[in-house]
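Undergrad: Numbering (this note's numbering), first residue to last: 531 to 856.
Heads up, the beta-carbon is just placed ideally off N, CA and C, and yes, glycines get one too.
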Amino acid sequence: MRRAPFVAAAVATLLLAVGVVWGDDDAVAGDFLDGRQLRLMAPAAPGGGWDQTAREMQTALRDVVGRTEVYNVAGAGGTIGLSQFERYHGDATQLMVMGLVMLGAIESNDSPVTLGAVTPIARLTTDYEVIVVRADSPLKAMPDLVARMRDNLGSASFAGGSAGGAEQILAGLIAGAVGADPGDVNYVAHSGGGEALATVLSGRAAAGVSGVSELEAQIRAGTVRALAVSSGDRLPNLPGVPTLKESGVDVELANWRGVVAPAGIGGADEKALEDLVVRMTRGEAWRETLTRRGWGDATLAGPDFDRFLGNEQRTVQDILVKMGLA
């Protein structure tokens with residue numbers, strides 16, 4: 531079986547689609563289930579990015595395999611869900627949403643269960659990060675935040691998601707790019723984007739970092755002001771917000787999400803699940819989801835997904851070590 535254990539990783543940009551030959555779209559994608567129901571774990575509380583992904587998958591899979599069940603197991607950047615998912619060894623009816631946050635959490639939490647306990651199926655989406663401040667903050671643009679970081683890194687605190695996740699990794703990358711020590715970043719971790727936003731609005735953190743899809747509504751409402759996005763180019767849904775690179779910070783980072791099955795499933799079931807998920811991403815319901823959520827299409831499966839994960843491992847292990855998190 532073509533799987534090697536892999537651990538925490540994140541890379542700024544290797545997220546363009548790579549040519550892959552998929553299975554026959556005319557095949558009945560759910561035949562291998564033989565009447566069994568597909569179950570999909572979101573290893574986080576309701577409302578966040580993984581939960582949104584799982585429930586959008588549930589809708590998009592309806593025409594392919596019928597009804598699926600989505601359930602939540604929250605905590606510790608997804609590692610609590612991962613430890614429970616391990617019990618489904620060999621069960622091809624189980625899937626779990628995961629992504630960059632989980633990869634970092636495995637390292638930073640010293641999780642006894644790693645992603646060697648799962649079978650990677652496919653990468654699905656990208657969601658870029660956005661740096662925001664309170665609407666009345668004296669930090670009017672990203673260069674202002676950079677100047678504060680250079681003057682007093684501790685006073686330029688960042689509020690974001692779980693320790694070792696995409697937001698903390700981005701904060702560390704920004705610190706390194708402006709000549710500061712990533713290990714000295716003042717990062718305030720939270721279990722979700724809502725709590726991090728509350729910290730920013732209360733003034734307990736200078737800036738907040740989260741996925742664009744989670745903060746777009748607050749940006750449009752004027753609750754917070756966006757300083758920069760972590761994409762390579764400006765985003766269509768936030769055209770007035772410059773990129774980090776435009777702001778003089780040579781950093782680019784995409785928070786990707788994907789789906790895995792338990793370890794120990796057979797090769798035929800693994801291929802069937804890959805074809806099923808890829809077929810879902812080609813459907814009208816999923817395409818509408820990408821547009822509505824502002825997610826980038828990052829579909830990747832098979833050996834190309836494995837190679838992507840290997841590259842991720844080397845990149846994020848490096849930054850987590852520099853930040854003292856691994």
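1) Put Glu697 into one of helix, strand or coil per three-state DSSP.
2) Could you give the distance in angstroms between the alpha-carbon of Ser760 and the alpha-carbon of Gly565?
3) What's the call for Gln637, buried or exposed, on a 16-neighbour Cβ count within 10 Å?
4) Measure the alpha-carbon distance for Ala635 versus Gly695 and round it to whole angstroms.
5) Label Ser685 either buried or exposed according to how many other C-beta atoms from any shown protein chain fall within 10 Å of its C-beta, with 16 as the threshold for buried.
6) Please state if the CB of Arg680 and the CB of Ala710 are separated by a distance shorter than 8 Å.
7) Tell me whether Asp555 is buried or exposed, calling it buried when 16 or more other Cβ atoms sit within 10 Å of its Cβ.
8) What is the rounded straight-line gap between the Cα of Glu818 and the Cα of Asp827?
9) Less than 8 Å separating the beta-carbons of Tyr787 and Thr623?
10) Is the beta carbon of Val627 less than 8 Å from the beta carbon of Trp580?
11) Return the chain-ordered ranges of every beta strand (DSSP E) run that is complete within the region 646-713 and spans a minimum of 3 residues.
12) Could you tell me which residues DSSP puts in a beta bridge with Gly738?
13) When you compare the CB of Ser638 with every CB in chain C, is at least one pair closer than 8 Å?
TA: The short version:
1) helix
2) 43 Å
3) The sequence shown places Glu at residue 637, not Gln. Answer is buried; the Cβ neighbour count reaches 16.
4) 6 Å
5) exposed
6) A Cβ-Cβ contact shorter than 8 Å links Ala710 with Arg680.
7) At Asp555 the pLDDT is 45, less than 50, meaning the model places this residue with poor confidence and gives no usable figure here.
8) Taking the straight line from one Cα to the other gives about 11 Å.
9) The identity of residue 787 in the sequence shown is Arg, whereas the question assumes Tyr. No, these two residues do not count as a Cβ contact at 8 Å.
10) Val627 places its beta carbon less than 8 Å from that of Trp580.
11) 648-664, 688-690
12) Val662, Ala689
13) No chain C is present in this structure, which holds just one protein chain.
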